[in-house]
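Chemist: Would you mind keeping the following structure in view while I ask a few things?
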Amino acid sequence: MTPFTDAQIEDALEALPGWSQEGEALVKSFEFADFGAAIAFIGRAAGPIDEMDHHPEWTNVYNRVDIRLSSHDVGGVTDRDVQLARVLERLAAAS
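For the sequence shown, the working numbering begins at 1 and goes up steadily by one.
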């Protein structure tokens, strides 16, 4: 698997509102109603993340979950990151 070019990343970001490129990663901050909702999102995401075997870097502060997706094994953004971003979007929308 090879990293996406900047043009490929730009194309992918068009379908991922709120996501942006930061260095060699896709990033987004999700805000929820409260801490419990943020933690519930993390819990719901754990299963699909394990199934994909592609784990994000994320932090949680109160009602916010900051996510950073990168394929470290190839040193950049790949289709795995875009697919995981789509999954996380669906889960957040269902919150």
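In this text, a Cβ means the ideal position worked out from N, Cα and C, and glycines have one as well. Quick caveat, the model's predicted, so the values are computed rather than measured.
If you count every other CB in all the chains shown that lies within 10 Å of the CB of residue 17, and 16 or more means buried, which is it?
Modeler: Against the sequence shown, residue 17 aligns to sequence position 17. The residue in question, residue 17, is exposed, as its Cβ has fewer than 16 Cβ neighbours within 10 Å.
Chemist: Sorted by chain position, which residues of the same chain lie with C-beta nearer than 7 Å to residue 85's C-beta, five sequence neighbours on each side aside?
Modeler: The residue you call residue 85 lines up with position 85 of the sequence shown. Correct list, in chain order: 16, 19, 26 and 69.
Chemist: Does DSSP put residue 51 in a helix, in a strand, or in coil?
Modeler: Taking the first residue of the sequence shown as position 1, residue 51 is located at position 51. Looking at residue 51 - three-state DSSP - the assignment turns out to be helix.
Chemist: Please specify which runs of the alpha helix (DSSP H), each continuous and at least 4 residues long, are wholly inside the region 9-86, giving them in chain order.
Modeler: 35-52
Chemist: For the region 4-15 against the region 51-62, are there 3 or more C-beta pairs whose distance is under 8 Å?
Modeler: no
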